[in-house]
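Student:
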Amino acid sequence: MIELTELKLVTASNIINQRTKAGMTQAELGAKLNYSDKSVSKWERGEAIPDAYVLSEMAELFGVTVDYLLSSHDSWEPPKEEKPEEEAPKYSVDIIIAIAILGIWTMSLTAFVVLWLLGTLWWPVFAVALTVSLLTYMVLLCVFKRTKYLQFVIAAFVLSIFFLLYVLLPQKPWQLFLIAIPALIIVFLSCNIRIKPGTLPRLHRKKE
Numbered sequence: 683m684i685e686l687t688e689l690k691l692v693t694a695s696n697i698i699n700q701r702t703k704a705g706m707t708q709a710e711l712g713a714k715l716n717y718s719d720k721s722v723s724k725w726e727r728g729e730a731i732p733d734a735y736v737l738s739e740m741a742e743l744f745g746v747t748v749d750y751l752l753s754s755h756d757s758w759e760p761p762k763e764e765k766p767e768e769e770a771p772k773y774s775v776d777i778i779i780a781i782a783i784l785g786i787w788t789m790s791l792t793a794f795v796v797l798w799l800l801g802t803l804w805w806p807v808f809a810v811a812l813t814v815s816l817l818t819y820m821v822l823l824c825v826f827k828r829t830k831y832l833q834f835v836i837a838a839f840v841l842s843i844f845f846l847l848y849v850l851l852p853q854k855p856w857q858l859f860l861i862a863i864p865a866l867i868i869v870f871l872s873c874n875i876r877i878k879p880g881t882l883p884r885l886h887r888k889k890e
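Under the numbering used here, think of the first position of the sequence shown as 683, with each following residue one higher.
Okay, structure coming up:
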């Protein structure tokens, strides 16, 4: 009688061979069986064995019998770890954001100095830089999926727009900031919208 450890290794070898012959990745096989690629990886490393239902589904998928998957046909070798198909190069997100923001302020300071040398002190350039910096920061947070403090950045961006208008308009209308109050409330409410259970169709979650 085959021991459990040996059975796991035999099954692992057969799964690897059949998956390779079918030209599927671990992720693709997992998707067809409604399991994650991590589960497939565990099976192929001999750390676990699929249950009877999954084995029957797998046998049908590969065009073999369950008995074939559980029988020894060759020696088992640990599979090579598959790299994610969409593995993106890792960059320092903080450095990228810092460079972008510093670039904006460097250009603004350069413009201020040039205008100063030409005999004009135009301080609003820094208000423009503030608004553009916050907009850039907001976009980069979305791009790099750092949304933890995004609502505060959006609120600061909205407030900076009103401040920019206040600085640029000759009348310096402080009443603009009265409009900013409900605008900020809308921002925070919009960023904290939660979908109540039952309002959307249930999505089938993958097993791991």
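Where a beta carbon is used, it is the ideal one built from N, C-alpha and C, also for glycine. These numbers come from a predicted model, not from an experiment.
If we ignore side chains and look at the alpha-carbon of each, how far apart do T687 and F834 end up?
Tutor: Approximately 54 Å, taken between the alpha carbons.
Student: What does the alpha-carbon distance come out to for the pair F744 and E685?
Tutor: 25 Å
Student: Within 10 angstroms of its Cβ, does P855 collect 16 or more other Cβ (buried), or is it exposed?
Tutor: exposed
Student: I'd like to know whether the C-beta atoms of V825 and V869 end up nearer to each other than 7 Å.
Tutor: Contact check for V825 against V869 fails: the beta carbons are separated by 7 Å or more.
Student: Determine, using beta carbons only, whether N696 and L751 come nearer to each other than 7 Å.
Tutor: yes
Student: For my contact list, A809 and V849 are in at a C-beta cut-off of 8 Å; report their separation, rounded to the angstrom.
Tutor: In this structure, A809 and V849 form a Cβ contact; the two beta carbons are roughly 4 Å apart against a cut-off of 8 Å.
Student: Rounded to whole angstroms, what's the CA-CA distance from V843 to I786? Just pull it up for me.
Tutor: The sequence given here has Ile at residue 843, not Val. I843 and I786 have their C-alpha atoms roughly 16 Å apart.
Student: Please say whether I698 and E726 have beta carbons closer to each other than 7 Å?
Tutor: yes
Student: One question on the structure: do I731 and K690 come within less than 7 Å of each other, judged by their Cβ atoms?
Tutor: yes
Student: Roughly how many angstroms separate the alpha carbons of S754 and V748, rounded to a whole number?
Tutor: 12 Å
Student: To test your reading of the DSSP string, which unbroken alpha helix (DSSP H) runs of 4 or more residues are found completely within the segment 774 to 860?
Tutor: 775 to 799, 806 to 825, 832 to 850
Student: Specify the secondary structure class of V748 as computed by DSSP and reduced to three states.
Tutor: helix
Student: Measure the alpha-carbon distance for A741 versus A709 and round it to whole angstroms.
Tutor: 17 Å
Student: So, at 6 Å on beta carbons, what are the nonlocal neighbours of A837 in its own chain, with the 5 sequence-adjacent residues on each side left out?
Tutor: L866, V869
Student: Exposed or buried, which one is L816 when buried takes at least 16 other CB atoms within 10 Å?
Tutor: L816 comes out buried.
Student: By DSSP, does G728 sit in helix, in strand, or in coil?
Tutor: coil
Student: Report the residue from V796, L847, L823, K827 whose alpha carbon sits nearest the alpha carbon of T813.
Tutor: L847
Student: Candidates W805, L871, V821, F845: which alpha carbon is nearest F859's?
Tutor: F845
Student: Compute the beta-carbon to beta-carbon distance between I832 and L823, rounded to the nearest angstrom, for a pair I have assumed lies under 8 Å.
Tutor: Checking the sequence shown, residue 832 turns out to be Leu, not Ile. Taking the Cβ atoms as the reference, L832 lies roughly 5 Å from L823, within the contact range of under 8 Å.
Student: With a CB to CB cut of under 7 Å and the five nearest residues on each side skipped, what residues in its chain are close to A694?
Tutor: W725, E726, R727, G728, W758
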